[in-house]
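Chains A and B, in that order, are what the protein sequence lines are.
Heads up: the first sequence begins at 3 in the working numbering, then just goes up one per residue.
Heads up: the second sequence begins at 160 in the working numbering, then just goes up one per residue.
For reference, the structure discussed in these notes is given below.
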Amino acid sequence: MEARPALETKDLSRYFKGVVALNDVSVAISPGEVVGLVGDNGAGKSTLVKILSGDLEPSSGQVLIEGEEVHFRHPRDAKKRQIETIYQDLALCENLDIMENVFLGHESYRNPLLRLLDRRRMYRETSQLLEELAIRVPSTRELVMNLSGGQRQATALARVAKAGARLIILDEPTAALGVNETRNLLDLVLRFKAQGKTIIIISHEMRDVFEVTDRIIVLKRGELIADKLTAATDPDEIVRYIIRGRD
Amino acid sequence: MTAQSPNDASGLAVRLPAPLVAMLRRRDSNVFFLLFVLVAAIVFFTIQSPYFFSDRNAFNIGRAVSITGIAAAFATLLMISGGLDLSIGAIMNASGLAAAVIMVDPENSIIFAFAVSLGISAFIGFSNGIIVTKIGVNPIIATIGMQFVVRGMTLATRSGSALVRNRTFLEIGQGELAIGTMEIPVPVILMLTTMLLCYLALRFTQFGKYIYAIGDNASACRRAGINVAGMRIALYTLSGLGAGFAGIVLAGLTGAGIPYAAGSELSVISAVILGGVSLSGGVGVIQGTLLGVLLVGVLKNGMTLLNINANWQMVVEGSVLMIAVSLDQLKQRI
Ligand SMILES: Nc1ncnc2c1ncn2[C@@H]1O[C@H](COP(=O)(O)OP(=O)(O)O)[C@@H](O)[C@H]1O
Ligand SMILES: [Mg+2]
């Protein structure tokens, strides 16, 4: 018998004042699978990601985690089910430093009752984490507003790694990255995969998608166009789906 | 020529060195500058007036600013988070009057008066929070509306002032506490204690961290799992509570609850902005607010000693605020 899907959607739709951002999308993702989510701008990728992360509620349809239906009202609810997301805009606080962003929502306390922050411990753990992830930043005390695009990305990644999720969602993580940074990111995705984590990654870069994914899902104008094993397709076919839709 | 947005960095004539930019971007970047201006003002008035530099006058200034200072401490927390409360003055009057009216009856205890006044104030602040977060009304409109509602209800309940004779109650505003050889006014101690508590909260607690975080990027906070709406409601409630406490101290200072004194919220908000809190949120520290409150107090006191009339004092106060806001705007460009 096949294992229960880690994540499943059934006829998931989302409308915005007259715009159909997502239309009856049904997908199932197995535990430990790396799935690429591709499609043109406005295809509905971010909308799907936000629903799975609890940041948006669907207009209709179901989301199931390990076979159990869930109703995420708040990103907190998704986090409780060990879903962590790197949003397209990274969702960082510019006026906080790297450590404060990495631990945002997951603080360690010196005094849990008063919620006194254990800053020293969090700085130490952030340094260790960044070292493990082979991420280099000038200092964990640097404010995010002073960081480059790649360093911001690294901060968002470290936050997800810190949270210890089972399902990791990355919305266009390589869009703002240079060649080396992209390489590091893909290595990190492969490491997450080796740790048995389930991953959804959005990217426009076919080479990246084909390198790290097991399966590719194509969206166009909110509809599911194709759902193919990576080994059974090729970049040309996927690009054709993205541009032309179903034949 | 290409079009230039107001926030275009190239609008600055000089390119600032990176360490200076990093320094200006700190949340407490105003503090040293304000301290310098405050010292300069003190030196100026000391030279100009023989009465200015003395314990007695320092405590006069302290007493004069303590009411604003207490309310400003909590308003600082709210405004760092990007919120705004224009009902502070109305809450102060309502709370001071409620406490005074209760104290008129000698049977009633001070604790009871405090509980009722602070309860009312917290409830008004909580209502502001609900209207802003759950219904999504702009904070300026919501809290101006609340200002009218509270002022109207206060005046409808009682149109005249209520004189208080209870000694202990009056001590809150008029008393002095001997610390070493100095007799420090009780309201000054209350203001400094309030500010210390807010300082500790901002500096060392998760609550303080989230205040800054929400002021910068509320949606990122929500996505990090933080209960942003709950935080906002708590901050509006605290702002109401702070205003209510300031109102009680004011009633103790004047010996009466007065239903109609107007405009205090603008003094409070001016002091907070002067202290380095940006209206767009995310920056500022309590030390800045303390310095802002003191600077306004020193300017008013000094000008009074120099026989500058109240109208011109108002002009100076307004100008100082405009300069502070303009500097903040310039800072946003870097
Ligand atoms: N908050 C919103 N309000 C209105 N329309 C939206 C909103 N978010 C997304 N959309 C619309 O939904 C469609 C899908 O957007 P999105 O999911 O961001 O696409 P993608 O990430 O694939 O580029 C687009 O037409 C977009 O304009
Ligand atoms: Mg997108």
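No residue lacks a Cβ here, since even glycine has one placed at the ideal position from N, Cα and C.
Open item on the list: Can you check which of these residues, B/Q491, B/Q488, B/L464, B/G477, is closest to B/F212 by C-alpha distance?
Closed with: If you number the second sequence from 1, residue 212 of chain B lands on position 53. For the residues B/Q491, B/Q488, B/L464, B/G477, the minimum Cα distance to B/F212 belongs to B/L464.
- [ ] Compute the distance between the beta-carbons of B/I247 and B/S423, then report whether it is under 8 Å.
- [x] Within the second sequence, numbered from 1, the residue matching residue 247 of chain B stands at position 88. Within the second sequence, numbered from 1, the residue matching residue 423 of chain B stands at position 264. Cβ atoms of B/I247 and B/S423: closer than 8 Å.
Task: For B/N297 and B/G399, believed in contact at Cβ under 8 Å, the rounded distance - done: Your numbering for residue 399 of chain B matches position 240 in the second sequence. Your numbering for residue 297 of chain B matches position 138 in the second sequence. So it is not a contact: roughly 18 Å between Cβ atoms.
Task: Chain-order list of residues whose beta-carbon lies under 6 Å from that of A/V22 (same chain, five-residue window excluded) - done: Residue 22 of chain A sits at position 20 when you count from the first residue of the first sequence. The residues are G224.
TODO: Put A/A2 into one of helix, strand or coil per three-state DSSP.
DONE: The first residue shown for chain A is 3 and the last is 249, placing residue 2 of chain A beyond what the model contains.
Open item on the list: Strictly by DSSP, which residues pair up with B/M341?
Closed with: Reading the second sequence from its first residue, position 182 is the one you call residue 341 of chain B. In the DSSP output, where bridge partners are listed per residue, B/M341 has B/I338.
Open item on the list: Report the start-end ranges of each alpha helix (DSSP H) in the stretch 369-399 of chain B that is 4 residues or longer and not cut off at the edges.
Closed with: 377-382
Task: Assumed close pair A/G56, A/P77 - CB separation to whole angstroms, cut-off 8 Å - done: One-based indexing of the first sequence puts residue 56 of chain A at position 54. One-based indexing of the first sequence puts residue 77 of chain A at position 75. Going by Cβ atoms, the distance from A/G56 to A/P77 rounds to 4 Å, so yes, they are a contact pair.
Task: A/G180 burial status per 10 Å Cβ neighbour count (16 or more: buried) - done: On the first sequence, residue 180 of chain A is found 178 positions in, with the first residue counted as 1. Burial call: exposed.
TODO: Have a look at B/T340, B/A315, B/V323, B/I338 and flag the residue whose alpha-carbon is nearest the alpha-carbon of B/G332.
DONE: Translated into the one-based positions of the second sequence, residue 332 of chain B becomes position 173. B/G332 has its Cα closest to that of B/V323, out of B/T340, B/A315, B/V323, B/I338.
TODO: Check whether the Cβ of A/K82 sits closer than 7 Å to any heavy atom of ligand 2, and report yes or no.
DONE: As a working mapping, residue 82 of chain A is identified with position 80 in the first sequence. A/K82 Cβ: outside cutoff for every heavy atom of ligand 2.
TODO: Would you mind giving the Cβ-Cβ distance between B/Y395 and B/F285, rounded to the nearest angstrom? I have them listed as a contact below 8 Å.
DONE: Mapped onto the second sequence, residue 395 of chain B falls at position 236. Mapped onto the second sequence, residue 285 of chain B falls at position 126. B/Y395 to B/F285, Cβ: 7 Å. Contact.
Open item on the list: I'd like to know whether the C-beta atoms of A/V146 and A/R154 end up nearer to each other than 8 Å.
Closed with: To locate residue 146 of chain A, count along the first sequence from 1; it is residue 144. To locate residue 154 of chain A, count along the first sequence from 1; it is residue 152. Going by C-beta atoms, A/V146 is nearer than 8 Å to A/R154.
Open item on the list: Do A/L98 and B/T364 have their beta-carbon atoms positioned less than 8 Å apart in this structure?
Closed with: Stepping through the second sequence from its first residue, residue 364 of chain B is reached at position 205. Stepping through the first sequence from its first residue, residue 98 of chain A is reached at position 96. For B/T364 and A/L98, no; Cβs fall outside 8 Å.
Task: Beta-carbon spacing of B/I201, B/V479 below 8 Å - done: Within the second sequence, numbered from 1, the residue matching residue 201 of chain B stands at position 42. Within the second sequence, numbered from 1, the residue matching residue 479 of chain B stands at position 320. No.
Task: Proximal residues to A/E10 (C-beta, below 6 Å), its chain only, five neighbours per side dropped - done: In the first sequence, residue 10 of chain A corresponds to position 8, counting from 1. So the qualifying residues of the chain are A30, L66.
Open item on the list: Distance cutoff 8 Å, beta carbons only. Does B/V190 sit that close to anything in chain A?
Closed with: Position 31 of the second sequence, counting from 1, holds the residue named residue 190 of chain B. B/V190 does not count as touching chain A.
TODO: Examine the Cβ distances between the stretch 466-474 of chain B and the stretch 212-232 of chain B and report whether three or more of them are shorter than 8 Å.
DONE: no
Task: Buried or exposed by the 16-neighbour rule on C-beta atoms within 10 Å, applied to B/F404 - done: If you number the second sequence from 1, residue 404 of chain B lands on position 245. Buried is the call here.
TODO: Collect the residues with a C-beta less than 6 Å away from any heavy atom of ligand 1 and give them in sequence order along the chain.
DONE: A/F18, A/V21, A/A23, A/G41, A/N43, A/G44, A/A45, A/G46, A/K47, A/S48, A/T49
Open item on the list: I want to see whether chain A comes within less than 8 Å of B/F366, judged by CB atoms only; does it?
Closed with: Your numbering for residue 366 of chain B matches position 207 in the second sequence. Chain A, which has a Cβ nearer than 8 Å to the Cβ of B/F366, makes this yes.
Task: Helix, strand or coil at B/Y210 [DSSP, three-state] - done: The residue you call residue 210 of chain B lines up with position 51 of the second sequence. Three-state result, B/Y210: coil.
Open item on the list: Please tell me whether A/K81 has its Cβ less than 8 Å away from any Cβ of chain B.
Closed with: By one-based count along the first sequence, residue 81 of chain A stands at place 79. Output row for A/K81: interface = yes.
Open item on the list: Between which residues of its own chain and A/E96 is the CB-CB distance below 8 Å, once the five residues before and five after are set aside?
Closed with: As a working mapping, residue 96 of chain A is identified with position 94 in the first sequence. Only L145, V146, M147 meet the Cβ criterion.
Task: First through last residue of the beta strand (DSSP E) which encompasses B/A249 - done: Here the question's residue 249 of chain B lines up with position 90 in the second sequence. Taken as a continuous stretch (DSSP letters only), B/A249 belongs to no beta strand (DSSP E), being part of the alpha helix (DSSP H) at 247-263.
Open item on the list: Bridge partners for B/G416 per DSSP, in chain order?
Closed with: For the purposes of this step, residue 416 of chain B is taken as residue 257 along the second sequence, with counting starting at 1. Paired residues: B/A321.
Open item on the list: Just to confirm the assignment, what range does the beta strand (DSSP E) spanning A/K1 have?
Closed with: The requested residue 1 of chain A does not occur in the structure, where chain A is confined to residues 3 to 249.
- [ ] Indicate the three-state DSSP secondary structure (helix, strand or coil) for A/Y89 in the structure shown.
- [x] Taking the first residue of the first sequence as 1, we reach residue 89 of chain A at position 87. Reduced to three states, the DSSP call for A/Y89 is coil.
Task: Short CB-CB distance (under 8 Å) between B/A372 and chain A - done: Walking along the second sequence from the start, residue 372 of chain B turns up at place 213. It does; some Cβ of chain A falls within 8 Å.
Open item on the list: Tell me the DSSP secondary structure of B/I467 in three-state form.
Closed with: On the second sequence, residue 467 of chain B is found 308 positions in, with the first residue counted as 1. Coil.
Task: In DSSP terms, what A/K222 is bridged to - done: Taking the first sequence and counting its residues from 1, the one referred to as residue 222 of chain A is at position 220. In the DSSP output, where bridge partners are listed per residue, A/K222 has A/E225.
Task: Delimiting residues of the beta strand (DSSP E) encompassing A/A23 - done: The residue labelled residue 23 of chain A in the question sits at position 21 within the first sequence. Residues 21-31.
Open item on the list: Against chain B, with Cβ distances strictly below 8 Å, would A/Y243 count as a contact?
Closed with: Residue mapping note: residue 243 of chain A aligns to position 241 of the first sequence, counting from 1. Taking Cβ atoms only, chain B never reaches closer than 8 Å to A/Y243, which makes this a no.
Task: Beta-bridge partners of B/T364, as assigned by DSSP - done: What you label residue 364 of chain B is simply residue 205 of the second sequence in a count that begins at 1. Per DSSP, A/L118.
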